[in-house]
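In full-length UniProt numbering, the protein residues as written are 1 to 225. Ideal placement from N, C-alpha and C gives every residue a C-beta, glycine not left out. Keep in mind that this is a model prediction, so the values were computed, not measured. Notes follow the structure.
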């Protein structure tokens, strides 16, 4: 466990931080089990928690986003698991942002098989360190179990510019008890809540709701939205 300054020094010394992460995920099978590290049985608990969390902000008869019929982006989309089980059960349309070509192709095939392909507007083959949405494009950008691969505050700053007025960024991430835990195998870090909140504030974001995901095994990290 280390603090923010020590993490910055370590990560910035790793020129291959992002490429190492990409290489790690290239070895992972494009399945629900692969995406969840063998905890595929958590899919429905995960989706139920996310749907409940965001429900108070969603309505079809309001001018304030996120509305049902407007555009969302899912960052670090993998094989589209979260889009299929949560986002497309709540919203009409979505863009998927994912750098792994095999994962994106699997997502396309899954959506076509399940009759959802006409509800995906774009498959964006980029790492989030390169993702810079057009200004005012989205009313919701959902990020789940991916922010640990990013080094700094700039991702949130770019996403903020990509939001429509009153738009939101949804975050669902593992939370360390304190400090930062670095996983050298997949080039990721697990931040404590205090540090993650600080990054959001530095990006000029205001937190409007927080909640801990329930129903996950106790041996796993706490997961907060």
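Asked                                                                                                            : Found
Within the segment 156-195, ranges of the beta strand (DSSP E) (whole runs, at least 3 residues)                 : 163-175, 180-183, 188-191
Close Cβ partners of residue 119 (< 8 angstroms) along its chain, the five nearest in sequence each way excluded : 88, 92, 93, 94, 111
Residue 104 - containing alpha helix (DSSP H), residue span                                                      : 101-113
Simplified DSSP state of residue 71, which is helix, strand or coil                                              : coil
Limits of the unbroken alpha helix (DSSP H) element including residue 240                                        : Residue 240 lies beyond the stretch modelled for the chain, which goes from 1 to 225, so this question has no answer here.
Segment contact, 8 angstroms Cβ cut-off, at least three pairs: the segment 32-44 with the segment 71-86          : yes
Per DSSP, cross-strand counterpart(s) of residue 141                                                             : 73, 169
Bridge partner(s) assigned by DSSP for residue 95                                                                : 73, 122
Three CB pairs or more closer than 8 angstroms across the segment 154-173 and the segment 18-31                  : no
Residue 43 - DSSP class collapsed to helix/strand/coil                                                           : helix
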